[in-house]
Amino acid sequence: MIVLFGNKGDLGSYLENNIKNRKIIGVSRDNCNMESKEFIQKFLEGIADKYGKIDSIINAIGRIELGNFESTDISIFNKVMNDNVKVLYNILMASVPLLSRAGRGRFINISSIRGISGAPNKSIYSCSKYAVQGLIDSLRLEYKDSGIKFTNICSGLIGESVTKDDIVKAICFVLDLSDATYVRNIILGGLL
Ligand SMILES: NC(=O)c1ccc[n+]([C@@H]2O[C@H](COP(=O)([O-])OP(=O)(O)OC[C@H]3O[C@@H](n4cnc5c(N)ncnc54)[C@H](OP(=O)(O)O)[C@@H]3O)[C@@H](O)[C@H]2O)c1
């Protein structure tokens, strides 16, 4: 069973409808408060109690914000950091103990090609996605004996060099792997 954070977003709703043959529970603002790790933790524990176990958690929550560096004031900076980094931090804080207790499980985060290379007019967005990369890379090593496998999907702009279906295929590729292995990053399209 998969828990999908961000199932009301453009990509998240596509993932919910197109990852086949797996039960998916969608999580959005409608049923969860992403600003509270305690809320998310209770929410996930409720799902685990009801369905027995959570095999994988996917995060498709995020905020794309483009603009010239000097035009991105502190309120934009704070919003992008909150939605891309702090929300992920909250989700991980709630997910890691649960998957750790189970001794297995995948955490797949939808990041961006901007988490591994910068670009003009994407400085704040890229800054947030580099933070995401550091967080996921660190947890992969810190929890290497826990059974949790972390993957960061670094996608280029959807509709330009990547389709939503490519992301579905990338996620299914990771989900179909044996528990013995992991994929650190999947880089799809984009300009490096
Ligand atoms: N679209 C692309 O071309 C592309 C390319 C590479 C990577 N990505 C990444 O893919 C992810 C999804 O992108 P998308 O295109 O699907 O964007 P989207 O349509 O804007 O979806 C993002 C979802 O996240 C939710 N969200 C944001 N902040 C939240 C918060 N604090 N609490 C709860 N929900 C929150 C949004 O809800 P609200 O609408 O209610 O705020 C929305 O449902 C992002 O991380 C993005 O960086 C996208």
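The number in my numbering is simply the position in the sequence shown, starting from 1, with 133 added. Backbone N, C-alpha and C fix where the C-beta goes; we use that ideal spot for every residue, glycine too. Fair warning: this is a prediction, and the values are worked out from it, not measured in the lab.
Assumed close pair Cys287, Gly248 - CB separation to whole angstroms, cut-off 8 Å: Residue mapping note: residue 287 aligns to position 154 of the sequence shown, counting from 1. Residue mapping note: residue 248 aligns to position 115 of the sequence shown, counting from 1. With 8 Å as the limit, Cys287 and Gly248 qualify as a contact, their Cβ atoms being about 6 Å apart.
Check: Val334 C-beta below 7 Å from any heavy atom of ligand 1: This structure cannot settle anything about residue 334, because the visible part of the chain is limited to 134 through 325.
Residue from Glu275, Ser208, Ala235, Val160 with nearest C-alpha to Ile224: By 1-based counting over the sequence shown, the position of residue 224 is 91. Among Glu275, Ser208, Ala235, Val160, the Cα nearest to that of Ile224 belongs to Val160.
Nearest-angstrom Cα separation, counted from Lys297 out to Asn140: Counting from 1 along the sequence shown, the entry for residue 140 is found at position 7. Counting from 1 along the sequence shown, the entry for residue 297 is found at position 164. Distance between the alpha carbons of Asn140 and Lys297 is about 13 Å.
Ordered list of alpha helix (DSSP H) runs contained in the stretch 216-291, each at least 4 residues: The DSSP assignment places 220-235, 256-275 as complete runs of the alpha helix (DSSP H) inside the stretch 216-291, in order along the chain (cut-off: 4 residues).
Ranges of the beta strand (DSSP E) found wholly within the stretch 158-206, counting only runs of at least 3: 189-192
Segment limits, alpha helix (DSSP H) that includes Ile304: Here the question's residue 304 lines up with position 171 in the sequence shown. Taken as a continuous stretch (DSSP letters only), the alpha helix (DSSP H) holding Ile304 covers 297-308.
Of the residues Ser261, Ala227, Gly323, Ile135, the one placed nearest Asn166, counting alpha carbons only: Numbered from 1 along the sequence shown, position 33 holds the residue referred to as residue 166. Minimum Cα distance to Asn166 is reached at Ala227.
Nearest residue (CA-CA) to Glu171, options Val229, Asp270, Ile241, Lys262: Here the question's residue 171 lines up with position 38 in the sequence shown. It is Val229 whose Cα lies nearest to the Cα of Glu171.
Proximity below 8 Å, CB of Leu325 to CB of Ile246: Here residue 325 corresponds to residue number 192 of the sequence shown, with the count starting at 1. Here residue 246 corresponds to residue number 113 of the sequence shown, with the count starting at 1. Against a cut-off of 8 Å, the Cβ pair of Ile246 and Leu325 comes out as a contact.
Ligand 1 heavy atom lying under 7 Å from the CB of Ala181: As a first step, residue 181 must be located in the sequence shown, where it is residue number 48. Because no heavy atom of ligand 1 lies under 7 Å away, the Cβ of Ala181 does not count as near it: no.
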